[in-house]
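Peer 1:
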Amino acid sequence: MEVEEPVGAEALPSGKKASVLGLSWETIRAVGFITLLGFLLRLFGITWSLPNAHHPFATYHPDELINLSAALQADIPHLKLDIGFYNYGTFYFYLVSLAETIAAGYGLLPSPQTPNAAHQAALFLVGRLVTVLMGTLTIPVVFALGRRLYGARIGWWAGLFYAVAPLAVVYGHFLAVDVPANLFVALALLWSARLIESDSARDGLLAGIWVGLAAATKYTAGVVIVAPLIALCWAKSPHRLRTAVLVGLGVLLAFFVGCPGPLVNWNVFWNGLPGYPGSGVYYELFVHSRQGHGLLFVHTGPGWWYHLIISFPWGLGLPLYAAALWGVGVAGRRRTIGDRLLLLFTALYFLIIGFSAVRFARYTLPLFIPLAVLTARGLEEVHGNRARERLRQGLLTVVALLTLLLSVGWVRRMVALTPQDRAAAYLWHVLPPGASVAFPTIPWFYSPPLSPLFGLPSPVQRAKAAQEDTRFRLRIPSREWDRSVLSPLPDAVVFSNFETMHPLRLALPSARRFLAALPRDYKRVYFGSGPPLGAPPWQTIIPDDFLYVCPKITVCIAPKYALAPE
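Numbering-wise (UniProt numbering), the sequence shown opens with residue 1 and increments by one.
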């Protein structure tokens, strides 16, 4: 089978002399610009919700504390690799642990006699910066993938689309495995594209290594193994079997180096920690995915439909999503080798995540890589006469600009004071010490930090805030939406749309009765502006992945204390 010439090969000006890695200086500057843009989008807002005196233990993203705790269990210089937490691969946690060690060695971390909020914040910040770096490095890899398959111009636009994609930007701030795994998915796809042409032993081994590291970071990212295998099926070489063996060796080597859990502690790796329900690979991949995640995805239809109407519109933004659908359609009609490689990976990964009852938008992030390339490829197909050329350039520019503005809107919400902190400041301002504050559910990351315990992962620990000596008397229900916390009438009732969104969507009787029982003369004060302009208008469901940075807090305040928020 002959390999087609890249669709965008003509993008390189014939008169330009290649300077570095076969790239013109013009191309290098362009890729540098989009990489810098992506870096800045991920860097601004990096201090969002870091621990302070009022919430000293955790951020307002519930996974970050668990992930940081896992990373701190490792000690890379002393080869302590068994971290005891294997719901995700451990490679990213090792990188964070190593970064923490280096930062401490250079005196970049505060060293208090006892851990405090500033020290905890610094630990989170170092881990987040690892994510920022890995998310930023993914951008030139996406460019290289687009360039290899279709030419430099398509590669440039693909890198730009990935750089500004809202979910990749927002999640590029967090101490979480999803964005780091994408770097290795992108590298695996790039080396798979190389295998179509070269089929070299080195490329086969490297393709396998990238696949192994992807799986060692996030297990489901290992689905990208299909890409090099598909590429080898199409390669014109008598050595395909040898290269396939090298791919497999690379996968095994990289996976067990990046995630040696199966070798060092198989029982905990597979079954989890005895005192930590919901841990271990078996639970994460085969129990959690079947049971779902509380009310979040109940009655939301098939997983594929949910991702098509919720995850992608929010994660890509409507302009980029529409352009991506167009690009997929164009690739489906043209079906070049590059098209088929990206489409088959996209289809298989989408098929797999659609079976799960847990449907966080972040699960679609690996698909942003092929979709960014196919979007650029599809819009580049609009060519012909001068008017069509202008239309093509206009479409590319408008899609990129609108998506950039949407991501800037999300980043602005991460730079601003959080609704939780604003609501807490309001309550401290208007209520006297000893006032009563009621909650419909056990407070957590979505609640104003009226007690340091609200940041802890265990609901049992958080509920103890009701017995702690705090500024206010906190009424925390023993079961969700228990109206007994409203009797006698409290001085304030506080809840967020994290708590109300799905109970109201599902018309949960207990939630409706609780909200109906709120005194009518209590003033409702709202904190949080919600999603930015340009987000999908249908907001019955806002993915948690975005709601972390744009919750709405409602404070129902007794008339005698009601004041406008400052």
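By construction, the Cβ of each residue, glycine as well, lies at the ideal position given by its N, Cα and C atoms.
Treat the numbers as computed from the prediction; the structure is a model and nothing was measured.
Between which residues of its own chain and GLU2 is the CB-CB distance below 7 angstroms, once the five residues before and five after are set aside?
Peer 2: The residue labelled residue 2 in the question sits at position 2 within the sequence shown. Confidence at GLU2 is low in this model, with a pLDDT of 39, below 50, so its placement is unreliable and no value can be given for it.
Peer 1: Which residues mark the beginning and the end of the alpha helix (DSSP H) in which VAL430 is found?
Peer 2: Along the sequence shown, one-based indexing puts residue 430 at 430. Element bounds for VAL430: 419–430.
Peer 1: Can you name the start and end residues of the alpha helix (DSSP H) that ALA152 belongs to?
Peer 2: Taking the first residue of the sequence shown as 1, we reach residue 152 at position 152. Here the alpha helix (DSSP H) through ALA152 covers 152–164.
Peer 1: Tell me which same chain residues have a C-beta within less than 7 angstroms of the C-beta of ALA18, skipping the five on either side of it?
Peer 2: For this step, residue 18 is matched to residue 18 along the sequence shown. Here the model assigns ALA18 a pLDDT of 49, short of 50, so the residue's position is not dependable, and the following value carries that caveat. Excluding residues within five positions, the ones whose Cβ falls inside 7 angstroms are SER24.
Peer 1: Since ALA221 and VAL185 are thought to touch, with beta carbons under 8 angstroms apart, how far apart are those beta carbons, to the nearest angstrom?
Peer 2: Counting from 1 along the sequence shown, the entry for residue 221 is found at position 221. Counting from 1 along the sequence shown, the entry for residue 185 is found at position 185. That pair is a contact at about 5 angstroms.
Peer 1: Would you mind reading off the limits of the beta strand (DSSP E) that contains TYR88?
Peer 2: Counted from its first residue, the sequence shown places residue 88 at position 88. TYR88 -> no beta strand (DSSP E), and no H or E assigned at all.
Peer 1: Could you tell me which uninterrupted alpha helix (DSSP H) segments, each at least 4 residues in length, are contained entirely in the segment 213–285, listed from first to last along the chain?
Peer 2: The segment 213–285 contains these whole alpha helix (DSSP H) runs: 226–234, 240–258, 261–264, 266–271.
Peer 1: Would you mind giving the Cβ-Cβ distance between GLY84 and LEU273, rounded to the nearest angstrom? I have them listed as a contact below 8 angstroms.
Peer 2: As a first step, residue 84 is located in the sequence shown; it is residue number 84 there, counting from the start. As a first step, residue 273 is located in the sequence shown; it is residue number 273 there, counting from the start. Contact holds; Cβ gap of about 6 angstroms.
Peer 1: Where does PHE546 land, buried or exposed, given buried means 16+ other C-beta within 10 angstroms?
Peer 2: In the sequence shown, counting from the first residue as 1, residue 546 sits at position 546. PHE546 comes out buried.
Peer 1: Please name the residue or residues paired with ARG475 in a DSSP beta bridge.
Peer 2: Reading the sequence shown from its first residue, position 475 is the one you call residue 475. Bridge partners of ARG475: ALA438.
Peer 1: Pick from VAL170, GLY434, THR554: whose alpha carbon is nearest that of GLY135?
Peer 2: Here residue 135 refers to the residue found at position 135 of the sequence shown. Taking only the C-alpha atoms, the option nearest GLY135 is VAL170.
Peer 1: Rounded to whole angstroms, how far is the Cβ of ALA361 from the Cβ of LEU213, which I believe are closer than 8 angstroms?
Peer 2: Here residue 361 corresponds to residue number 361 of the sequence shown, with the count starting at 1. Here residue 213 corresponds to residue number 213 of the sequence shown, with the count starting at 1. At roughly 23 angstroms, the Cβ-Cβ gap does not stay under 8 angstroms, so ALA361 and LEU213 are not in contact.
Peer 1: May I have the straight-line CA-CA distance separating GLN393 from ALA103, to the nearest angstrom?
Peer 2: Here residue 393 refers to the residue found at position 393 of the sequence shown. Here residue 103 refers to the residue found at position 103 of the sequence shown. Going from the Cα of GLN393 to the Cα of ALA103 covers about 45 angstroms.
Peer 1: Taking DSSP as the reference, what is the three-state secondary structure of VAL177?
Peer 2: Translated into positions along the sequence shown, residue 177 becomes position 177. The answer is coil: DSSP assigns VAL177 none of H, G, I, E or B.
Peer 1: Note down the Cα distance separating PRO490 from ALA74, rounded to an integer number of angstroms.
Peer 2: Numbered from its first residue, the sequence shown carries residue 490 at position 490. Numbered from its first residue, the sequence shown carries residue 74 at position 74. PRO490 and ALA74: Cα-Cα distance of roughly 46 angstroms.
Peer 1: Ordered along the chain, which non-local residues of its own chain (more than five positions away) have a Cβ less than 6 angstroms from that of HIS119?
Peer 2: Locating residue 119 in the sequence shown gives position 119, where the first residue counts as 1. PRO110, PRO112.
Peer 1: Measure the beta-carbon distance from THR554 to TYR526 and round it to whole angstroms, keeping in mind my assumption that it falls under 8 angstroms.
Peer 2: Counting from 1 along the sequence shown, the entry for residue 554 is found at position 554. Counting from 1 along the sequence shown, the entry for residue 526 is found at position 526. Contact holds; Cβ gap of about 6 angstroms.
Peer 1: Quickly, what does DSSP pair LYS523 with across the bridge? List them, please.
Peer 2: The count along the sequence shown starts at 1 and reaches residue 523 at position 523. Paired residue(s): ILE557.
Peer 1: For GLY172, which residues in the same chain have their Cβ closer than 7 angstroms to its Cβ, ignoring the five residues on either side in sequence?
Peer 2: Taking the sequence shown and counting its residues from 1, the one referred to as residue 172 is at position 172. Closer than 7 angstroms at the Cβ level, and outside the excluded window around GLY172, lie ARG42, THR131, VAL132, GLY135, VAL179.
Peer 1: Measuring alpha carbon to alpha carbon, tell me which of PRO459, ARG473, ASP469 ends up nearest residue 633.
Peer 2: Look at the range of the chain in this structure, 1 to 566, and you will see that residue 633 is not part of it.
Peer 1: Measure the C-alpha to C-alpha separation of PHE445 and LYS552 and round it to an integer number of angstroms.
Peer 2: Here residue 445 refers to the residue found at position 445 when the sequence shown is read from its first residue. Here residue 552 refers to the residue found at position 552 when the sequence shown is read from its first residue. Using only the alpha carbons, I get a separation of about 12 angstroms.
Peer 1: Verify the contact flag: ILE28, CB atom, against every heavy atom of the ligand ZN, threshold strictly below 7 angstroms.
Peer 2: Only the bare structure without any ligand can be found here, which leaves the ligand ZN out of the picture.
Peer 1: Beta-carbon separation of THR375 and ALA324 under 8 angstroms?
Peer 2: Numbered from 1 along the sequence shown, position 375 holds the residue referred to as residue 375. Numbered from 1 along the sequence shown, position 324 holds the residue referred to as residue 324. Yes, the Cβ-Cβ distance between THR375 and ALA324 is below 8 angstroms.
Peer 1: Helix, strand or coil: how does DSSP classify LEU23 here?
Peer 2: Position 23 of the sequence shown, counted from the first residue, corresponds to residue 23. Correct three-state label for LEU23: strand.
Peer 1: Which one of ALA535, LYS523, SER484 has the shortest CA to CA distance from SER510?
Peer 2: For the purposes of this step, residue 510 is identified with residue 510 of the sequence shown, where counting begins at 1. Answer by Cα proximity: SER484.
Peer 1: At which residues does the beta strand (DSSP E) containing ALA400 begin and terminate?
Peer 2: In the sequence shown, counting from the first residue as 1, residue 400 sits at position 400. Where ALA400 is concerned, there is no enclosing beta strand (DSSP E), although the alpha helix (DSSP H) it sits in stretches over 386–415.
Peer 1: At the level of alpha carbons, what is the spacing between SER529 and TRP234?
Peer 2: Numbered from 1 along the sequence shown, position 529 holds the residue referred to as residue 529. Numbered from 1 along the sequence shown, position 234 holds the residue referred to as residue 234. When rounded, the distance between both Cα atoms is 51 angstroms.
Peer 1: How long is the line joining the alpha carbons of ILE34 and LYS80, rounded to whole angstroms?
Peer 2: Here residue 34 refers to the residue found at position 34 when the sequence shown is read from its first residue. Here residue 80 refers to the residue found at position 80 when the sequence shown is read from its first residue. In a straight line, the C-alpha of ILE34 is about 38 angstroms away from that of LYS80.
Peer 1: Using three-state DSSP, classify SER311 as helix, strand or coil.
Peer 2: Position 311 of the sequence shown, counting from 1, holds the residue named residue 311. Helix.
Peer 1: With DSSP as the reference, identify every bridge partner of ALA492, one or two as the case may be.
Peer 2: As a first step, residue 492 is located in the sequence shown; it is residue number 492 there, counting from the start. VAL437, ILE557, per the DSSP bridge assignment.
Peer 1: Report all residues from its chain with a CB closer than 8 angstroms to the CB of ALA176; omit the five preceding and five following residues, and keep chain order.
Peer 2: Within the sequence shown, residue 176 is the residue found at index 176, counting from 1. HIS61, ASP63, GLU64, ASN67, THR131, ARG362.
Peer 1: Measuring only the C-alpha atoms, how far is ARG147 from VAL31?
Peer 2: Taking the sequence shown and counting its residues from 1, the one referred to as residue 147 is at position 147. Taking the sequence shown and counting its residues from 1, the one referred to as residue 31 is at position 31. Answer to the nearest angstrom: the Cα atoms are 11 angstroms apart.
Peer 1: Would DSSP call LYS80 helix, strand or coil?
Peer 2: Taking the first residue of the sequence shown as position 1, residue 80 is located at position 80. Here LYS80 sits in strand by DSSP.
Peer 1: Roughly how many whole angstroms lie between the Cα atoms of GLN291 and PRO457?
Peer 2: Locating residue 291 in the sequence shown gives position 291, counting from the first residue. Locating residue 457 in the sequence shown gives position 457, counting from the first residue. Going from the Cα of GLN291 to the Cα of PRO457 covers about 20 angstroms.
Peer 1: Under 8 angstroms: do the segment 425–440 and the segment 333–353 share three or more Cβ pairs, one atom per stretch?
Peer 2: No: fewer than three Cβ pairs fall under 8 angstroms.
Peer 1: So what does ASP75 bridge to, in DSSP terms?
Peer 2: Locating residue 75 in the sequence shown gives position 75, counting from the first residue. DSSP output for ASP75 lists LYS80 as bridge partner(s).
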